[in-house]
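Quick notes on the structure that follows.
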Amino acid sequence: MSNHSVISTDKAPQAIGTYSQAIKAGSTVYLSGQIPLVPATMEMVDGDMEAQIEQVFSNLTAVCEAAGGSLQDIVKLNIFLTDLSHFALVNEVMARHFTQPYPARAAIGVASLPKGAGVEMDGIMDIA
Numbered sequence: 815m816s817n818h819s820v821i822s823t824d825k826a827p828q829a830i831g832t833y834s835q836a837i838k839a840g841s842t843v844y845l846s847g848q849i850p851l852v853p854a855t856m857e858m859v860d861g862d863m864e865a866q867i868e869q870v871f872s873n874l875t876a877v878c879e880a881a882g883g884s885l886q887d888i889v890k891l892n893i894f895l896t897d898l899s900h901f902a903l904v905n906e907v908m909a910r911h912f913t914q915p916y917p918a919r920a921a922i923g924v925a926s927l928p929k930g931a932g933v934e935m936d937g938i939m940d941i942a
């Protein structure tokens, strides 16, 4: 992995498995999935689904900034939801964090997520 570098920050939850928070390859940054863990405690955020979504965006923001970019540099965003009825809420919260052009995106319904999270997101950034 000579042309790859690990991106890491204590402002986002530490990896809880055999992965990195992000990997930079050239001008592309591959962001690992973030769930609504509070970095300081490594516990799930208190609150409703909106609080979970906001925490995920906060965690993604921290990793993006550690890579030298911002959420706006995400070109592809994957959203995993245990309940697709929260799709409209994801759109509402996402509109607070992104401006046009919005990233390409997928929203996928899943049976479960780590630590009982209701949402997880990963993405790809271009910081050219």
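Numbered according to the numbering used here, the sequence shown spans residues 815 to 942. Heads up, the beta-carbon is just placed ideally off N, CA and C, and yes, glycines get one too. Note that the structure is a prediction, hence the values are computed from the model and not measured.
Extent of the continuous beta strand (DSSP E) run through residue i
| i | result |
| --- | --- |
| ILE893 | 888 to 895 |
| GLY847 | 842 to 848 |
| ILE821 | 818 to 821 |
| ILE837 | 836 to 839 |
Any non-hydrogen atom of the ligand SAH within 7 Å of residue i CB
| i | result |
| --- | --- |
| VAL843 | The ligand SAH is not part of the structure shown, which contains no ligands of any sort. |
Residue i to residue j span [Cα, whole Å]
| i | j | result |
| --- | --- | --- |
| ASN892 | GLN848 | 11 Å |
| MET815 | LEU845 | In this prediction, MET815 has a pLDDT of 49, which is less than 50 and means its spatial position is unreliable; what the coordinates show is noted afterwards. Near 17 Å, if we compare the C-alpha coordinates of LEU845 and MET815. |
| SER819 | GLY840 | 9 Å |
| GLN828 | GLN914 | 30 Å |
| ALA876 | ALA826 | 6 Å |
| ASP824 | SER899 | 32 Å |
| ALA836 | VAL870 | 15 Å |
| ILE867 | TYR833 | 22 Å |
| LYS929 | MET858 | 8 Å |
Residues bridged to residue i (per DSSP)
| i | result |
| --- | --- |
| ASP940 | THR842 |
Cβ distance (whole Å) where residue i is taken to contact residue j below 8 Å
| i | j | result |
| --- | --- | --- |
| LEU895 | HIS911 | 17 Å between Cβ atoms; not a contact. |
Subject >> Ordered list of beta strand (DSSP E) runs contained in the segment 854 to 937, each at least 3 residues >> reply: Whole beta strand (DSSP E) segments, 3+ residues: 888 to 895, 918 to 923.
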